[in-house]
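Scroll down for the structure; my scribbles are underneath it.
In the working numbering, the protein residues as written are 2 to 163.
The following block contains the structure:
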């Protein structure tokens with residue numbers, strides 16, 4: 002196996018281990034927290050920006066600062082809820098199942114991360130490099146991306162360089 006293969010498999014294994022360590026409930030709630038933080042920050046940044054106690058000279062920065070503040074607060078709050086849920090799972094004796102399902106979640110997340118990385122690399126000359134060509138895993142990921150083309154939204158499928 003080529004060095005690239007080892008790197009790709011290491012990313013997959015680390016994601017899987019992280020998922021097993023944190024557990025499915027924590028992983029899902031954390032992911033939902035990031036999505037919720039983005040949505041809340043987008044919706045309320047303008048309103049909060051108006052309320053920030055700065056002079057008129059800082060007007061262009063208000064929505065940006067409000068977005069960042071809202072994002073951080075919501076991610077932190079969701080992280081606390083995820084930690085509480087993790088403690089409840091442990092108290093209920095469901096930790097082994099939570100960890101096993103977390104490992105599966107981590108494997109799926111790692112595979113998606115690798116697909117995105119290979120897709121992005123397709124916009125560069127990297128796939129033409131000899132060390133990329135020597136890889137056994139990268140061509141499998143490229144073939145998977147080609148297979149996903151029909152189910153992806155049209156703009157994404159058209160933009161896919163693989």
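Here a beta-carbon is modelled for each residue, glycine too, at the ideal position from N, C-alpha and C.
Asked	Found
Between 73, 79, 78 and 48, which has its C-alpha nearest residue 64's C-alpha?	48
Is residue 145 helix, strand or coil when you go by DSSP?	helix
From 96, 129 and 117, pick the residue whose C-alpha is nearest to that of residue 27; which is it?	96
Does the stretch 27 to 36 touch the stretch 80 to 89, meaning 3 or more C-beta pairs lie closer than 8 Å?	yes
Within its chain, find whatever has a CB closer than 7 Å to the CB of residue 23; leave out the 5 residues flanking it on each side and keep chain order.	103
Going straight from the alpha carbon of residue 10 to that of residue 147, what length do you get?	20 Å
Can you tell me which of the three DSSP states residue 140 falls into?	helix
Can you list, in chain order, the residues of its chain with a C-beta nearer than 7 Å to that of residue 17? Leave out the 5 residues immediately preceding and following it.	104, 107, 108 and 111
Could you tell me how far apart the beta carbons of residue 133 and residue 76 are, in whole angstroms, since I believe they sit closer than 8 Å?	In fact, because the Cβ distance is near 36 Å, the residues do not count as touching under 8 Å.
Residues in its own chain within less than 6 Å of residue 13 by CB, not counting five upstream and five downstream?	111
CB-CB under 6 Å to residue 21, same chain, minus the five flanking residues each way: which ones, in chain order?	100, 103 and 104
On the CB-based measure, 16 or more other CB atoms within 10 Å of its CB, does residue 143 come out buried or exposed?	buried
State the CB to CB distance for the pair residue 53 and residue 42, rounded to an integer number of angstroms; the pair is presumed to be in contact (CB under 8 Å).	Rounded, the Cβ-Cβ distance is 14 Å, inconsistent with contact.
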